[in-house]
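Just below is one structure, and these are the notes that go with it.
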Amino acid sequence: MQLGILSEYAPGERRVAATPQTVATFIKWGWQVDIEGGAGDDAGFPDRLYTEAGASVVDGKTARGADIVLCVNAPDSLTDLKSGGILVGFLDPFVNAPLITALRDQGVTALAVEAIPRTTLAQSMDALSSQANIGGYAAALLAAQSSPKMLPMMVTAAGTSPPSKALILGVGVAGLQAIATSKRLGAVVHAYDIRPETAEQVESLGAKFVAAPTEEMDEGGYAKEVGADTQAQQHAALLPFVAEADIVITTALIPGRPAPLLVTDEMVAAMQPGSIIIDMAAGSGGNVAPSKPDEIVNVNGVHIYGPTNLPATIPNDASRMYARNLVALLERVRSDDGVVIDLTDEIVGGTTITHAGEVNHPRSREMLGLAEETTPSPEPEQGDTE
């Protein structure tokens, strides 16, 4: 089995899909590993470390032509991907219709890490969570670095400075890490999430939960999209907390839909000049009305950051976590004969977007306007093997 590891070409992307440690694991499996030259440089993994682990350094075309291709983001060129081969990475499978159509038409089996079920069984493969964890940490550091105030209370001979007030909106993996990091840095932290069960998690980290409207989670464990009345109640309850905050970090996302609006123009106008907002959902429509993806917007002295790839700012550890996620996923499909794509497996089937010239995932099919499949595959289907 030939495994290819690609360099990333998206602007600002510094992660890599495999580390020398995970390459050594693939070699132990008996796989041939080819890595595109320089793929790990930005993450602190030079080619030398990969060759010492047993990989061969190759050009991009060779890496893309492997039986299994690992990437962080979809490759800039699909033409070299092997028909019958497997592509694994962040593929934006519920939004990027042209990419999914192209992968289907080329006969590529696409495993999208965004589609990995959020279950205990799949926890070791959950790349969304591992990268969100790093993103929440990076957001808190960015806010602290950008703020004109110190986060902790300081008692000095020149007087006492009060601690900064931080407000975290959205208490998923990223939000919890942002809370924990802000607390460690010394801020007084409040947090809010539409899901009432997150209150206990917030308080366990030493933060205070904001009393505002809550609703139960959907079947996938995500927050539901709320109606206009509930949203208006949210905004009214959050307004005084936003107005008092020195730092606001927003992390709320609804998979496959625009991010919910949590901070309105009116709320931004109520903040003090010098306040900092980090909108981690800026790339999905934004939680903050004035935010723009990968820009810093200044509204009367309130600086609103819209970073879309915070994990890439800490590429070494982000790559280590992501690479281990991919090893766990590939362990699930590995067999003595190579690889088996078992569409009846709850994890593999849920992660497979395209296979054997078909779009398999229901949400991707819905995106493309395809009719629902009426008969499931009766038997596991074989991927390319050597």
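The working numbering applies: residue 0 is where the sequence shown begins, and numbers increase by one. By construction, the Cβ of each residue, glycine as well, lies at the ideal position given by its N, Cα and C atoms. Source: prediction; values computed, not measured.
In whole angstroms, what separates the C-alpha of A269 from that of I246?
Pairing A269 with I246, the inter-Cα distance amounts to about 13 Å.
A186 vs P151 beta-carbon contact at 9 Å
Yes, they are a contact pair.
Express the C-alpha separation of E330 and I4 in angstroms, rounding to a whole number.
Computed Cα separation, rounded: 17 Å.
Give the secondary structure of L166 by DSSP, where H, G and I count as helix, E and B as strand, and everything else as coil.
In the structure shown, L166 sits in a strand (DSSP, three-state: E or B).
Ignore the nearest five residues each way along the sequence and tell me which others in D79's own chain have a CB closer than 6 Å to its CB.
If we look at D79 and ignore the five residues flanking it on each side, its Cβ neighbours are K60, R63 and G64.
Let me make sure I understand the geometry here. Which of V15, A54 and F25 has the alpha-carbon closest to that of A38?
It is V15.
C-beta atoms of F208 and H189 nearer than 9 Å
Result yes, Cβ atoms of F208 and H189 sit closer than 9 Å.
First through last residue of the beta strand (DSSP E) which encompasses E35:
E35: member of the beta strand (DSSP E) spanning Q31 to E35, first to last residue.
Tell me R194's beta-bridge partners as DSSP assigns them.
Residue pairing by DSSP places R194 opposite no residue, since no beta bridge is assigned to it.
Just the C-alpha distance for W28 and Q232, rounded to the nearest angstrom, thanks.
Looking at the two C-alpha atoms, the distance is approximately 55 Å.
May I ask you to report which of helix, strand or coil DSSP gives D46?
The answer is helix: DSSP assigns D46 an H, G or I state.
Output needed for P310: all residues of its chain with C-beta closer than 6 Å, excluding positions within five of it in sequence on either side, in chain order.
These residues qualify, in order along the chain: Q130, I133, G134 and A317.
Just to confirm my understanding: we take E386, look at its own chain, exclude 5 residues before and 5 after, and list those with CB closer than 7 Å. What are they?
Because residue 386 is not part of the residues shown, which for the chain are 0 to 385, the question remains open.
How is R14 classed by DSSP in three states: helix, strand or coil?
Note: R14 maps to coil in three-state DSSP.
8 Å contact criterion, which F89 and E51 should meet: CB distance rounded
Between E51 and F89 the Cβ distance is about 28 Å, and since that is not below 8 Å, they are no contact.
Candidates D192, R194, G205 and T353, of which the one nearest T180 by Cα
Ranking the options by Cα distance to T180, first place goes to G205.
At what residues does the alpha helix (DSSP H) containing S363 begin and finish?
Taken as a continuous stretch (DSSP letters only), the alpha helix (DSSP H) holding S363 covers P361 to L367.
For V326 and R333, the rounded distance between their alpha carbons:
Rounded to whole angstroms, the separation of the alpha carbons of V326 and R333 is 10 Å.
Should the segment 90-102 be regarded as contacting the segment 347-357, the criterion being three or more beta carbon pairs within less than 8 Å?
Yes: at least three Cβ pairs fall under 8 Å.
Taking the straight line between their C-alpha atoms, what separation do you get for N286 and V154?
So the alpha carbons of these two residues sit roughly 35 Å apart.
If you run the structure through DSSP and keep just helix, strand and coil, what is V201?
Three-state result, V201: helix.
Taking only the alpha-carbon atoms, compute the straight-line gap between E202 and K182 and give it to the nearest angstrom.
If you take the alpha carbons of E202 and K182, they lie about 12 Å apart.
Quick one: what's T353 bridged to in DSSP?
BP columns for T353 point to A109 and V358.
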